[in-house]
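Trainee: For what it's worth, the working numbering labels the leading residue of the sequence shown as 799, then goes sequentially.
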Amino acid sequence: MKWVTVDRISGYEGEVVQLKGWIANRRSSGKVRFLLVRDGHGTIQCVVGAHDVAPEAFELADKVPYESSIVVTGTVKRDPRSPVGFELAVSDLQLVSEAQPYPISKKDHGVGFLMDHRHLWLRSSRQAALMKIRAAVSKAARDYFDELGFTAVEAPILTPTACEGTTSLFQVGYFEGSAYLTQSGQLYGEAAAMALGTIYVFGPTFRAEKSKTRRHLTEFWMIEPEMAFWEFPETIDLAEGMICRIVRDVLERCAEPLRALERDVSTLEKVTAPFPRITYSEAIDILKERGLPIQWGDDLGGDEETVLSEAFDRPLFVTHYPAAIKAFYMKRDPNDPRLALAVDLLAPEGHGEIIGGGQREDSLEKLEETLALHGLDRGPLEWYLDLRRYGSVPHAGFGLGIERCVAWIAGIHHVRETIAFPRLMDRLYP
Ligand code: 4AD
Ligand code: MG
């Protein structure tokens, strides 16, 4: 007997096949039982007629609890009313494992309860749709760089130093000493770019951020390209191209998940180059005009980013931030040394920053100065300084946070639903 998955069912019209999955729903009407079977690839209605199956199978269809696992055998029938276009006329039904009473019901549960049951909540169609979109976002980003000839390089998770400031480091025991979980693969990415030209690091990153906002996780995934001999403007173009590619691929490949989330895709269809580009100073002017209490020199927080990103109908690049509010590795703007060649990309519809990056300081002397200015210990960064000692070149890169990108594209409010098992300040379970 041929085992098929729901997404492939259209190729088997009129044939007898097997489906393996879980009972998502069940109802009865006279001598017919309707089982909604979910197999991870889709959900399909299986019709069990009292006269078409053995009495034990009919009884099973009558009583099988939600989320029990089963194997269904039947004939694939076209059905225009079905969301998948087909249903299964069942000839046999085998129980794999009977489920205990399922804790998640159709009624509204609070987010805390659902997060405590995240391992089960993932089975819901909405959560599954988010995971599909997430996978498509990651793949599109990888494909984009792979096709441009970038080499994928892994950066270590256990590191001796901070990359993005010392206030959000997770310290872990490392034999007699200690290590930190990486905040960004960037510094290693820079070393790899000097070896391989253009590279990207894609992996988990960690921030012990005491921020309970809809945008902050303590563990999140970042894709970080780094390019030797690239400067600021072309790096922004690269980010723009990547975002357009991601949105295009998700629209093409995730029509069904986007529908399941009731995402208004018209706003995504507008995501075409060029994106507007404004400087930090212009951003401050816009914010002041709108009555926000902000001064030149202040960092943009969640509220400011929301206002800016709602002011434009596509992603917005903000460039040339004050160097003082950016990381130590940022190159100064040669035209105005108060500024850094830094760029953030703010996603539209109020989602805020999804990309941070810019050109890196390539002068050994200047980098030594800023390290001191930031009060960072040089010792564990000598290797990084070596990159400026041995054939330093202009170079640049950026990091895209996958979860924030998925939240925007999927149109959901909080990043906690964009990763299978979110890690938040107050959540380490399950
Ligand atoms: O702006 P960030 O801190 O930049 C860097 O880490 C650079 N080293 C990247 C680079 O140039 N290679 O972080 C980059 C992105 C943010 O724009 C955001 O999308 C995401 O990472 N991010 C977070 N996502 C979820 N939770 C958090 N706590 C995040 N912190 C940053
Ligand atoms: Mg940032």
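Just so you know, even glycine gets a beta-carbon here, dropped at the ideal spot from N, CA and C.
(1) With a threshold of 16 other CB atoms inside 10 Å of the CB of TYR986, please say whether the residue is buried or exposed.
(2) From which residue to which residue does the beta strand (DSSP E) around VAL749 run?
(3) For VAL1063 and LYS1164, what's the separation of their Cα atoms in angstroms?
(4) Got a sec: does the ligand 4AD put a non-hydrogen atom nearer than 7 Å to the Cβ of SER895?
(5) Does the distance between the C-beta of GLY1154 and the nearest non-hydrogen atom of the ligand MG fall short of 7 Å?
(6) Could you tell me the alpha carbon to alpha carbon distance between VAL862 and VAL874, rounded to whole angstroms?
(7) With a threshold of 6 Å on Cβ separation, who are the neighbours of GLU864 within its own chain once the five nearest residues in sequence on each side are excluded?
(8) Going straight from the alpha carbon of ASP1134 to that of LEU1056, what length do you get?
(9) Should VAL846 be listed as close to the ligand 4AD, given that the test is whether its C-beta is under 7 Å from any heavy atom?
(10) Quick check on DSSP: helix, strand or coil for ALA1021?
(11) Can you tell me whether ASP1035 is buried or exposed? The criterion is at least 16 other CB atoms within 10 Å of its CB, across all chains shown.
(12) Using the Cα positions of SER966 and TRP801, report the straight-line distance between them to the nearest angstrom.
(13) Determine whether the beta carbon atoms of ALA1081 and VAL1116 lie at a separation below 8 Å.
(14) Could you give the distance in angstroms between the alpha-carbon of TRP1028 and the alpha-carbon of LEU994?
(15) Give the secondary structure of TYR1188 by DSSP, where H, G and I count as helix, E and B as strand, and everything else as coil.
(16) Is VAL1141 buried or exposed, if buried means 16 or more other CB atoms sit within 10 Å of its CB?
(17) DSSP on GLN816, reduced to helix/strand/coil?
(18) Thinking just about the alpha-carbon of each residue, which of THR1065, GLU945, ARG1187 is nearest to the one in VAL1045?
(19) Could you tell me the distance, in whole angstroms, from the CA atom of LEU1144 to the CA atom of THR996?
(20) Taking only three categories from DSSP, how would you classify MET1128?
(21) Helix, strand or coil for THR965, going by three-state DSSP, please let me know.
(22) Apart from the five residues on each side of it in sequence, which residues of its chain come closer than 8 Å, Cβ to Cβ, to GLN898?
(23) Just verifying my parser: in three-state terms, what is the DSSP assignment at GLY809?
(24) How about the segment 908–916 and the segment 830–840: do they share at least three Cβ pairs that are nearer than 8 Å?
(25) Can you tell me whether ILE984 is buried or exposed? The criterion is at least 16 other CB atoms within 10 Å of its CB, across all chains shown.
(26) ALA953 lies in the alpha helix (DSSP H); which residues open and close that run?
(27) Given a threshold of 16 other Cβ atoms within 10 Å of its Cβ, counted over all protein chains shown, does ALA852 qualify as buried or as exposed?
(28) Using the C-alpha atoms, what's the distance from ASP890 back to LYS829?
(29) Please tell me whether, using a cut-off of 7 Å, the distance from the CB of GLN1102 to the nearest non-hydrogen atom of the ligand MG is below it.
(30) Who are the Cβ neighbours of VAL1105 in its own chain at under 7 Å, not counting the five residues just before and after it?
(31) Suppose the cutoff is 8 Å on Cβ atoms and the five residues either side in sequence are ignored; what does the same chain contact list for LEU1049 look like?
(32) As a quick exercise: from MET992, ALA926, SER866, LEU956, pick the residue whose alpha carbon is nearest that of GLY1189.
(33) Taking 7 Å as the cut-off, is the C-beta of HIS1014 nearer than that to any heavy atom in the ligand 4AD?
(34) Hey, VAL814 and LEU833 are a contact pair by Cβ (cut 8 Å); roughly how many whole angstroms apart?
(35) According to the Cβ coordinates, are TRP923 and ALA1058 closer than 8 Å?
(36) Is TYR998 helix, strand or coil by DSSP?
Mentor: A quick look at the data gives this:
(1) buried
(2) Nothing in the structure corresponds to residue 749, since the chain is present only between 799 and 1228.
(3) 46 Å
(4) no
(5) yes
(6) 22 Å
(7) Checking the sequence shown, residue 864 turns out to be Tyr, not Glu. Closer than 6 Å at the Cβ level, and outside the excluded window around TYR864, lie ILE821, TYR900.
(8) 44 Å
(9) no
(10) In the sequence on display, residue 1021 carries Ile and not Ala. Three-state DSSP puts ILE1021 in a strand.
(11) exposed
(12) 49 Å
(13) yes
(14) 13 Å
(15) coil
(16) buried
(17) strand
(18) THR1065
(19) 24 Å
(20) strand
(21) helix
(22) PRO863
(23) helix
(24) no
(25) The question names Ile, but residue 984 is Gln in the sequence shown. The residue is buried, with at least 16 neighbouring Cβ atoms inside 10 Å.
(26) Premise fails: ALA953 is in no alpha helix (DSSP H) and is neither H nor E.
(27) exposed
(28) 16 Å
(29) The sequence shown places Glu at residue 1102, rather than the Gln named in the question. Every heavy atom of the ligand MG is 7 Å or more from the Cβ of GLU1102, so no.
(30) LEU1085, ARG1088, LEU1090
(31) LEU1056, VAL1063, LEU1066, GLU1067
(32) MET992
(33) yes
(34) The Cβ separation is near 17 Å, so there is no contact.
(35) Per the sequence shown, residue 923 should be read as Ser rather than Trp. Yes, Cβ-Cβ distance for SER923 and ALA1058 is below 8 Å.
(36) strand
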